[in-house]
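Using this note's numbering, the first residue of the sequence shown is number 430, and each one after it goes up by one.
Contents: one structure, followed by commentary.
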Amino acid sequence: MSSKEELALELTFPYSESPEFGTALEIAPGVKWLRMPLPMSLNHINLYLIADNEGWIVVDTGIRGQETSELWRKVFNQALEGKPVIKVICTHLHPDHTGQAGFLCQYWDAPLLMSYSEYYQACFINKMMGEKRSISHQAHYQKLGFSDSFLSSLVSGGSSFQPTEDDIPFPESFTRLVDGQVIQFGQYEWHIVTGNGHSPEHVCLYCPALRLLISGDQVLPIITSNVSIYPTEPEANPMKGWIESHQKLKAAIKDDVLVLPAHNKPFYGLHKRLDQLIAHHEDRMLILEENCTEPTVAIDLLPLLFERKLEGFTRIMAMGECMAHLHCLMDRKRIQRQLINGVYHFLSIDPTLSSRAKPGEHEDPDQLPELT
Ligand SMILES: [Zn+2]
């Protein structure tokens, strides 16, 4: 049994089955769970419907493309009980959450609700994905130890996330959601609780009366959300915000909630999971710290965190995660960074550290990062 499975045993999963793609499963009065497909190893995303007096609130939308929009039409016919969609909420900017926002908002003439940072970053990412990608960030990756030949081998091919001319464009306006806001949907109040680290201002929806938390990617029960450094903000420290957000959620949300995540299945055990996730990242940081007793290039640290062979763009994603941990250690004054011959070397500051795990020997390698 893997350590992920062992950790999952500490949580309770009340649903043994997930809804088929394009069908809805009611999990509380006026709250329905949907699943839509994703074209990657993480093969699904969970979406939710919340009943309001005049219609439905959609929470997250699925990836762009005809397959998901056809499944949405099936949902419209079979799950909405003759009522319209009246609002579309995206928990955060990632394309599996926002990909159908244009379609849904246009089809139903419904407003899009998002936090400020998520909306504008979604607009920026959509613009970036529509442009021919250059290796303008090459210098960033060279400093982390990637070779010129590897970087030039990265082909900027098409992506299933990339919008095409067939897609209805992302909505050009939005209604802002803010931390602490309370919104009435039907007879229930839902509280907006934001977090960051995986994305800049991720919205979770908490209903104390129904004891539900729609957590998006801010809390997942089995896989861990991608927390990464991107070349657009090379000095960022998202891991600090990620860990602080977990502490914030633990203080703000009771442990009795059924957590409705964007991936995997609904579960009980929010506080346990938040503790697990903090411990997971602290463990990762300790591994890095203990293996930087000599000046070490970032690329040589990847096997400590990822056992599977990393190729192509997955190496870039893995590096983003590794750097997020290293930057947090730098902020904590546990690791220092030196630029030697144009490449960053990382060195632990505590001289008493001894090497705990060598590349490839660690027992609990994380799985490849998912673009969640
Ligand atoms: Zn995400």
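Beta carbons: idealized from backbone N, C-alpha and C, even for Gly.
It should be emphasised that the depicted structure is a prediction, and the values quoted were computed from it without experimental measurement.
Residue i, DSSP secondary structure in three states
i: I597; result: coil
i: K679; result: helix
i: R744; result: helix
i: I672; result: helix
i: P794; result: Its pLDDT being 39, under 50, P794 is placed unreliably in this model, and the value from its coordinates should be taken loosely. Coil, per DSSP.
i: H756; result: helix
i: C751; result: helix
i: K787; result: For K787, the predicted model reports a pLDDT of 49, less than 50, meaning its position is unreliable and no value from the coordinates is stated.
i: L800; result: Annotation note: pLDDT 43 at L800 (below 50); position unreliable, coordinate value reported separately. If DSSP states are grouped into helix, strand and coil, L800 belongs with coil.
i: Q613; result: strand
i: F505; result: helix
i: L776; result: strand
i: R713; result: helix
i: T490; result: coil
i: T497; result: helix
i: E449; result: coil
i: Y444; result: coil
i: L733; result: helix
i: T781; result: coil
Per DSSP, cross-strand counterpart(s) of residue i
i: M465; result: I474
i: W485; result: A480 and V514
i: R766; result: F775
i: A727; result: DSSP lists no partner for A727.
i: E439; result: BP columns for E439 are empty, so no partner.
i: V460; result: A457 and I479
i: L739; result: L739 pairs with nothing; no bridge assigned.
i: L606; result: S544
Cβ-based burial, residue i [other Cβ within 10 Å; buried from 16]
i: N555; result: buried
i: R737; result: exposed
i: R605; result: exposed
i: M543; result: buried
i: F553; result: exposed
i: A753; result: buried
i: S576; result: exposed
i: Q550; result: buried
i: G741; result: exposed
i: E792; result: Below a pLDDT of 50, predicted positions are generally treated as unreliable, and E792, at 41, falls in that range; no measurement from the model is reported.
i: D525; result: buried
i: K461; result: buried
i: K683; result: exposed
i: M557; result: exposed
i: G609; result: exposed
i: K694; result: buried
i: T661; result: exposed
i: L768; result: exposed
i: A480; result: buried
i: K762; result: exposed
i: E601; result: exposed
i: T520; result: buried
i: E449; result: exposed
i: M502; result: Checking the displayed sequence, the identity of residue 502 turns out to be Arg instead of Met. Exposed.
i: K516; result: buried
i: P443; result: exposed
i: D712; result: exposed
i: P664; result: One detail in the question is off: residue 664 reads as Glu in this sequence, not Pro. Result: exposed.
(request) Jot down the residue ranges of each uninterrupted beta strand (DSSP E) in the region 517-586, minimum 3 residues, whole runs only, in chain order. (result) 541-544
(request) Quick one: which unbroken alpha helix (DSSP H) runs of 4-plus residues sit fully inside the region 619-707? Chain order, please. (result) 667-681
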